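In our numbering, the protein residues as written are 1406 to 1641.
This is the structure in structure tokens:
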């Protein structure tokens, strides 16, 4: 897959992305709007967006309130964007946001789709150029994590790209803060997935993908692991 051109929307800094979120999320509970605006400072969306080419079709697994959709719509002009999540409240936030991004954000006309689905239900139809799984797997019971990862990979078109980002298990303080964050906001005890294991699932014979990029990013007391995998253009 071709990476985004370097001269297109070069400034993906947290303040710029936060400003996009502020423009997109203007309705709904104050706490939800505030969280969306601050997430670009604690999640490396600037790094994630650099691996999403312009004009791509994108499936966002576990889209939450639709922040990635707003950021992609403003900076990457996707051909199609579909996000789904198991939370009805999150999808309501995303749909309220989607009414604004087409006409009022940089990037022009854009009509993202947001669906309320459980991971075990049928996923949106079709193949996609990019599939993203951002801060989702730690909410999935360990027994089902591999299935979700491989199911996501199976939705890629030939030559497509999977972008995986989740919380780190490195050290003591950062994993602890990640856990406390989800206990307070999501009221969940999270299940870390080892990044080496996720990579092994995707490079194995079932998915047959190759590693394009792997990195660790620290944002304050939060630690993030980013894995970018590409699917062959033809079966190996």
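For each residue, glycine too, the CB sits at the ideal point set by N, CA and C. Note that the structure is a prediction, hence the values are computed from the model and not measured.
Three-state secondary structure (DSSP) of residue i
i, result
"residue 1635", "strand"
"residue 1622", "strand"
"residue 1431", "coil"
"residue 1533", "strand"
"residue 1362", "Any question about residue 1362 goes unanswered here, given that the chain covers just 1406 to 1641."
"residue 1457", "coil"
"residue 1418", "coil"
"residue 1573", "coil"
"residue 1448", "coil"
"residue 1462", "strand"
"residue 1436", "helix"
"residue 1566", "strand"
"residue 1599", "coil"
"residue 1521", "strand"
"residue 1609", "coil"
"residue 1478", "helix"
"residue 1551", "helix"
"residue 1616", "strand"
Whole-Å CB distance - residue i paired with residue j, under 8 Å assumed
i, j, result
"residue 1477", "residue 1518", "Not a contact, Cβ separation roughly 13 Å."
"residue 1635", "residue 1615", "5 Å"
"residue 1501", "residue 1432", "5 Å"
"residue 1571", "residue 1601", "Contact doesn't hold; Cβ gap of about 13 Å is too wide."
Sequence-distant residues of the same chain with beta carbon closer than 8 Å to residue i, five excluded per side
i, result
"residue 1638", "1563 and 1564"
"residue 1589", "Caution is warranted here: a pLDDT of 48 is assigned to residue 1589, below 50, making its placement in the model unreliable, and the coordinate value is therefore given only provisionally. Excluding positions up to five away in sequence, the list is empty."
"residue 1624", "1446, 1447, 1448 and 1449"
"residue 1621", "1573, 1575, 1628, 1629, 1630 and 1631"
"residue 1418", "1451"
"residue 1437", "1430, 1470 and 1498"
"residue 1492", "1469 and 1521"
Contacting residues, own chain, Cβ-Cβ under 7 Å from residue i (five flanking each side not counted)
i, result
"residue 1557", "1466, 1536, 1538 and 1567"
"residue 1603", "1554, 1569 and 1632"
"residue 1560", "1464, 1528, 1532, 1533 and 1536"
"residue 1490", "1467, 1468, 1469, 1496 and 1521"
"residue 1422", "1445, 1450, 1451 and 1476"
"residue 1548", "none"
Candidates the options, of which the one nearest residue i by Cα
i, options, result
"residue 1611", "1482, 1552, 1545 and 1492", "1552"
"residue 1425", "1434, 1451 and 1406", "1451"
"residue 1481", "1622, 1456 and 1520", "1456"
"residue 1462", "1530, 1547, 1543 and 1548", "1530"
"residue 1484", "1494, 1459 and 1442", "1459"
"residue 1546", "1571, 1422, 1597 and 1540", "1597"
"residue 1453", "1607, 1472 and 1606", "1472"
Exposure of residue i, with buried meaning 16 or more beta-carbon neighbours within 10 Å
i, result
"residue 1427", "exposed"
"residue 1474", "buried"
"residue 1372", "Because the chain in this structure spans residues 1406 to 1641, residue 1372 falls outside the shown range and cannot be described."
"residue 1628", "buried"
"residue 1504", "exposed"
"residue 1613", "exposed"
"residue 1626", "exposed"
"residue 1435", "exposed"
"residue 1443", "exposed"
Contact test: residue i Cβ vs the ligand SAH heavy atom, cutoff 7 Å
i, result
"residue 1495", "Absence of the ligand SAH from the depicted structure is noted, as is the absence of any ligand whatsoever, leaving it without description."
Cut-off 6 Å between Cβ atoms - residues of its own chain near residue i, not counting five sequence neighbours on either side
i, result
"residue 1609", "none"
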